[in-house]
Amino acid sequence: MKMRHLAVAFLILGLAVSLPAPAFSQAKADTIKIGVFLPMTGGVAAYGQGSWQGIQVARDMKPTILGKKVELVLVDDKSDKIEAANAVTRLVEKEKAVAIIGSSISGNTMAGGPIAEKAGVPVVSPTATNPLVTQGKKYIFRVCFIDPFQGEMAAKYAYETLKKRRAALIIDKAQDYCVGLADFFEKSFTKLGGQIVSKTYCQTGDKDFTAQISAIKAKNPDVLYMPNYYTEVALSMKQAKDLGLNIPVISGDGAQDKALLDIGKQYVEGLMFTGHFEKEAATTPLAKKFIPVYEKKFGKVGTFDVMGADAYFVLADAIERAKSTEGAKIRAALANTKNFKGISGTINIGEDGNAVKSLVIVQVRGGDFRYVATVDPPGAKPEPKKAAPKMK
Amino acid sequence: MERSPLFCRRAGTGTGFLELTFFLQQMINGVALGSLYGLIAIGYTMVYGIIRLINFAHGDVMMMGCYFAYFGILMFSLPWGASFVAAMVLTAILGVLIDKGAYVPVRHAPRISALITAIGVSFLLENLGLVVFGGRPKGFTTPDMFAEVYEIAGLMIPALVLWTPLITLILLSGILFIIHRTKAGRAMRCISHDMETTRLMGVDVNRVISITFAVGSAAAAAGGIMWAMRYPEINPLMGIIPGLKAFVAAVLGGIGNVTGAMLGGLLLGLAEILLVALMPEIAGYRDAIAFGILIFILIFRPTGLMGSKLPE
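Below is the structure:
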């Protein structure tokens, strides 16, 4: 009998912890409800956790919009595309959010985006960089740069600054972001005159990269480009050093989370990547206000934290300019965001929904992210939609 | 060492020596991965062999073992050796608690109930881990003696490749000793033949099964710690894939057979690595290959490579 009670207790506990994070939904007329879908668990949880902290701090700094209290509703997309679509459906249909912030990665934003698009609810993504995220969408926006720019700058940095000619790639085939970014890098690098000597693939969640690295080593490259997420980058760098492949490694904005340093330790030393923000290079007034408040609460500020906050600030600004919580009006105001001095820099959003802004080149040195250089976008004007290359 | 023409084409560096180095290096990579699968599979297969329960929570028990070791080093600043032993003991206790709380109540229910309960326990541990430890991955600290890499004639041999078989051997002999040389072990073997008759002989079946879970869980913790030292990233969902791969290894070797599990693990690891090495274009399908092997084995040789005749 006693055993049975214990079993029941186990079952109840199991149910309690396996329920999704409860969304508090005491919607009142005097609140503005903003939905948030982020990867709080799963393979890229660090991005979602960081951005969520940033969004919360930003909300505390600006708790009311149009004189109404802001209510945030968070739904975990579990780093999974299907869950991301479910999360957006829930935010749109059940929570009736006036606007949505999310998600951290391109694949998930692309999975959730069309649902919000259809419902006419604007979405602002903090860090989804693949061009397809906003392409052909009226209601999807982002506060980050896009991958053609990032890939081109990484290729330029490898070719011109590091003077490397033989690049090898490890590409996470399960992620739209990684495949796209690798593609843009390859195009720019070969256009400059470089050569891609080896192209290997992995999958999100893989832990062992020794086969890929041994194959790459046999081709004698002088630079390794890995536009993957932090866990895969950290583990593959460790295994590259273990296997004696000691060449410079370049990555994309996905590398910039402290989990990379925590997992990779001494092995990620020297890694270079293109990122959205680095504290050492923060100059805007909003950054000077935000960083101390954030750090008092959560410790050292990271890129994804800042990008989450920027998404909130840009959205709040747009709703105020729209003077309405109607989807179409917020959309029009978002598309008209000009010279917004965010934390990560000046944000201009074009009619296509993409932000045009500079990127920073960051290197891991002494166990921390260090600022190397800032690269400004080619033109002040956003690229037209058609320019975004097709992905495989 | 024979070199396949396929392999020569892929390596493409010209000289035979380099090709040989490439091939041998990939073999080492395969053994390194495979021995870890084998090590994790031992606990899996042992529990199955005795109580005929496929413990799907094995991978998650392994995850808990990693977190115990992680917190032992980080929060209580224990030396790594002490921390690893403490983690194994705590995981063993966890294994007993899981048995008492989840499996004892369904002991006499049809076997499928126990299997579903095991899946439930697996979800429980994963979500409990997410709540307690958080979703953000943590870096595992590898002691220096395990982190070293030896270079021999151009081949890079990580120290763990040498340590894993040694620890597997110690663990394996420990388990075999318990099963074949102790009273509890004799009871375990009896239970695997006929649980009811064993009970009629006056053996406290529940206690013996608890011991089985304790040993199996401690083995999971050891496997998990070795895994975390090689791939130093731990998160609450880390047990899923190694757990499934260990299951494939156990089935491949003949589920219930401890030595077979080791062999199955090695074969699986080699197959995965060689697939990526020889056919980089389809490297994304390595998990599909692992589970394809599982289906293949279940269809054509359900008892596995070293399995005995089916008991039923």
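So the protein sequences, as listed, match chains D and U. Residue numbers for the first sequence, in the numbering used here: 8 to 399. Residue numbers for the second sequence, in the numbering used here: 154 to 465. No residue lacks a Cβ here, since even glycine has one placed at the ideal position from N, Cα and C.
From the listed residues D/Arg328, D/Arg97, D/Ile203, D/Ile350, the smallest Cα separation to D/Val313 is found for D/Ile350. Within the segment 261–289 of chain U, contact with chain D at the beta-carbon level (separation under 7 angstroms) is assigned to Gly273, Phe276, Leu277, Asn280, Leu281, Leu283, Val284, Gly288, Arg289. In the structure shown, D/Gln210 falls within a coil segment according to DSSP collapsed to helix, strand and coil.
Taking C-beta separations shorter than 7 angstroms and ignoring five residues to either side along the sequence, the partners of D/Phe192 in its chain run Gly158, Ala161, Ala162, Tyr232, Pro234, following chain order. Between U/Phe175 and D/Ser205, the C-beta gap is not smaller than 8 angstroms, which leaves the two residues out of contact.
For U/Thr351, the CB contacts under 7 angstroms within the same chain, skipping 5 residues up- and downstream, are Ala340, Cys343, Ile344, Val358 in chain order. Interface criterion not met: the Cβ of U/Val200 is under 8 angstroms from no Cβ in chain D.
Rounded to the nearest whole angstrom, the CA to CA distance from D/Pro129 to D/Arg66 is 18 angstroms. Put simply, of D/Ala266, D/Asn343, D/Pro46, D/Lys224 the residue whose alpha carbon is nearest the alpha carbon of D/Pro133 is D/Pro46. Within a 10 Å sphere around the beta-carbon of U/Met228 sit fewer than 16 other beta-carbons, which makes this residue exposed. Put simply, of U/Pro232, U/Leu447, U/Phe299, U/Ile362 the residue whose alpha carbon is nearest the alpha carbon of U/Met382 is U/Phe299. In the three-state reduction of the DSSP assignment, U/Pro311 falls in the strand class. Residues of chain D with a Cβ closer than 8 angstroms to the Cβ of U/Ala430 are, in chain order, Ala218, Ser221, Ala222.
Neighbours of U/Ala436 across chain D, judged by C-beta separation under 7 angstroms: Thr207, Tyr208, Cys209, Gln219. In the DSSP secondary-structure assignment, U/Thr244 is not bridged to any residue. Between U/Ile394 and D/Gly212, the C-beta gap is smaller than 8 angstroms, which places the two residues in contact. DSSP places D/Asp312 in the uninterrupted alpha helix (DSSP H) bounded by 310–329.
If you check each beta-carbon in the segment 34–57 of chain D against every beta-carbon of chain U, the ones closer than 9 angstroms belong to Pro46, Met47, Thr48, Gly49, Gly50, Ala52, Ala53, Gly55, Gln56, Gly57.
Cβ contact annotation for D/Asp37 (same chain, cutoff 6 angstroms, sequence separation greater than five): Lys75, in chain order. The beta carbon of U/Glu425 sits closer than 6 angstroms to those of Arg439, all from its chain and outside the five residues before and after it, given in chain order. If you check the CB distance, U/Leu428 and U/Ile442 come in under 8 angstroms.
Along the segment 171–186 of chain U, going in chain order, the ones with a CB nearer than 9 angstroms to a CB of chain D are Leu171, Glu172, Thr174, Phe175, Gln178, Gln179, Ile181, Asn182, Gly183, Ala185, Leu186. For U/Val302, a Cβ of chain D is located within less than 8 angstroms of the residue's own Cβ.
If you check the CB distance, D/Ala181 and D/Gln210 come in under 8 angstroms. Under the three-state reduction of DSSP output, D/Ile203 falls in the strand class. Beta-bridge pairing by DSSP links D/Ile356 to D/Ala362. According to the DSSP assignment, D/Phe284 belongs to no beta strand (DSSP E), since it is labelled neither H nor E. In the three-state reduction of the DSSP assignment, D/Phe191 falls in the helix class. DSSP, reduced to helix, strand and coil, places D/Lys336 within a helical segment of the structure shown. Under DSSP, D/Lys40 shares a beta bridge with D/Glu78. In terms of beta-carbon proximity, U/Pro296 stays away from the interface with chain D, with every pair separated by 8 angstroms or more. With a cut-off of 8 angstroms on Cβ pairs, the segment 361–376 of chain U is not in contact with the segment 268–276 of chain U, counting fewer than three such pairs. Put simply, the CB of U/Tyr223 is far from chain D, with every gap to its CB atoms at 8 angstroms or more. By the rule that beta-carbons nearer than 8 angstroms mark a contact, U/Gly292 touches chain D. Rounded to whole angstroms, U/Met217 and D/Ala91 show a C-alpha spacing of 28 angstroms. Residue pairing of D/Ser258 in beta bridges, as defined by DSSP: D/Phe280.
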